[in-house]
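Notes follow the structure.
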Ligand code: ARG
């Protein structure tokens, strides 16, 4: 018996994969795995319902808590970002692939299927994990390979061909042919693609947003929120200790209510395509803003400068899905060390789309009120004169050389 584990979202692309795997790729046993990383419950229910209709052996795996602690929190410590995008889809892929691998090993499957096309980043992320952990596994990506036409050539699938193909195989996919957005969701963010959204100069319509209120609908009164951190990860909101998952869930709701978290970037994808991308990442934007503010209070100038380089490298590796890369491990050793002092509280003011830092405190603060204050007696201002005179010595010499 040829068994395959299909990473199954329940959407149209992955649904088409089921009959294709049976008919074109010769798998007589399709196992569908839907990994719950915080997508809407309706999507999970739809995946389960469709898996039942297709007659697959189905598993839904709830990994939300693990996703927060082992993926989102490390991303906070590294200020996880790629070109302004909080890498929300990116960091979920390694965990989804890991769960598919674990299922395959448990059930004795030696092949994987996924619904990624050949244009995006997710094919890299999923397959890197699968190929690392099960190098001999066969990987089938029907959407990337395209539809076999009567002339024997392959062409990309169109949405209506996919819908017709499902119907021809006895499963009605209740999606209208003109559904235009391709959406990926998890508790760290929501990515919206498709239609005209990839065009750099197309203003996104309000209807694409679901997690963040529009400025017009936001409350007129600001909300002050205190976020407590320990060792670089958030542990409390307004003084109340929360589990990681509960904290992210609440941060998501509060930020979304105030319209915080919309991200619109030009993104350089892994294949080199430059594409405009829209995201809603309320929890990520809020928590990253607070984390950076606390780091700025407790780290030295040199540490901050160096860490911004480390963070950028980390973000790029995470974006590429290279979750087990040795450089990522090395960077995390540095990040782990510096986060030992990222403990304290940040106060954020949320108002109409912005999350503004209005306060920060920590027992590790490198701020000294007496030294910084204008009327300090400890700091003898006359002492700076010598330093001021010497400031820029080499550049003053250069000026002289150049201008005589
Ligand atoms: N461009 C983003 C990334 O590479 C999001 C891709 C999400 N996919 C989707 N079908 N919306 O992480």
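Residue numbers (our numbering): -17 to 386. Virtual Cβ for every residue (Gly too), placed ideally from N, Cα, C. Model, not experiment: these values are computed from the prediction.
Alpha carbon of residue i to alpha carbon of residue j, nearest angstrom
| i | j | result |
| --- | --- | --- |
| residue 64 | residue 303 | 12 Å |
| residue 4 | residue 46 | 31 Å |
| residue 39 | residue -13 | 9 Å |
| residue 291 | residue 316 | 12 Å |
| residue 177 | residue 162 | 5 Å |
| residue 112 | residue 376 | 55 Å |
| residue 141 | residue 41 | 26 Å |
| residue -3 | residue 114 | 26 Å |
| residue 80 | residue 306 | 11 Å |
| residue 334 | residue 262 | 15 Å |
| residue 258 | residue 250 | 9 Å |
| residue 223 | residue 337 | 21 Å |
| residue 118 | residue 195 | 47 Å |
| residue 215 | residue 208 | 14 Å |
| residue 124 | residue 19 | 24 Å |
| residue 198 | residue 204 | 14 Å |
| residue 181 | residue 363 | 55 Å |
| residue 17 | residue 148 | 23 Å |
| residue 269 | residue 21 | 19 Å |
| residue 110 | residue 28 | 28 Å |
| residue 356 | residue 236 | 38 Å |
| residue 36 | residue 230 | 35 Å |
| residue 323 | residue 170 | 25 Å |
| residue -10 | residue 14 | 6 Å |
Closest Cα partner of residue i within the set the options
| i | options | result |
| --- | --- | --- |
| residue 253 | -12, 299, 106 and 61 | 106 |
| residue 285 | 204, 37 and 321 | 321 |
| residue 311 | 60, 15 and 185 | 60 |
| residue 74 | 0, 167 and 97 | 167 |
| residue 227 | 51, 66, 342 and 325 | 51 |
| residue 108 | 36, 96, 204 and 100 | 96 |
| residue 347 | 355, 279, 16 and 357 | 279 |
| residue 126 | 171, 100 and 8 | 100 |
| residue 72 | 54, 324 and 147 | 54 |
| residue 103 | 381, 116, 69 and 90 | 69 |
| residue -7 | 165, 116 and -16 | 165 |
| residue 289 | 58, 33 and 32 | 58 |
| residue 341 | 67, 370, 77 and 272 | 272 |
| residue 122 | 297, 239 and 6 | 6 |
| residue 260 | 192, 43 and 239 | 192 |
| residue 88 | 143, -15, 344 and 372 | -15 |
| residue 313 | 326, 32 and 298 | 298 |
beta-carbon residue i near ligand 1 non-hydrogen atom, thresh 7 Å
| i | result |
| --- | --- |
| residue 368 | no |
| residue 155 | no |
| residue 104 | yes |
| residue 71 | yes |
| residue 164 | yes |
| residue 173 | yes |
| residue 180 | no |
| residue 144 | no |
| residue 189 | no |
| residue 262 | no |
| residue 6 | no |
| residue 239 | no |
| residue 249 | yes |
| residue 259 | yes |
Run of the beta strand (DSSP E) containing residue i, from where it starts to where it stops
| i | result |
| --- | --- |
| residue 211 | 205 to 212 |
| residue 174 | 171 to 175 |
| residue 245 | 244 to 250 |
| residue 167 | 164 to 168 |
| residue -12 | -15 to -11 |
| residue 216 | 215 to 219 |
| residue 256 | 256 to 262 |
For residue i, the first and last residue of its enclosing alpha helix (DSSP H)
| i | result |
| --- | --- |
| residue 229 | 226 to 239 |
| residue 110 | 104 to 115 |
| residue 310 | 308 to 320 |
| residue 145 | 141 to 150 |
| residue 298 | 283 to 301 |
| residue 122 | Looking at the DSSP string, residue 122 is not in any alpha helix (DSSP H); the run it does join, the beta strand (DSSP E), is 120 to 122. |
8 Å Cβ cutoff, residue i in contact with chain B
| i | result |
| --- | --- |
| residue 109 | Absence of chain B from the displayed structure is noted, only one protein chain being present. |
Could I get the ranges of all uninterrupted alpha helix (DSSP H) runs contained in the region 322 to 376, with 4 residues as the minimum, in chain order? 351 to 354 and 366 to 372
Segments assigned alpha helix (DSSP H), at least 4 residues, entirely inside the region 4 to 92: 23 to 36, 46 to 49, 55 to 59 and 70 to 89
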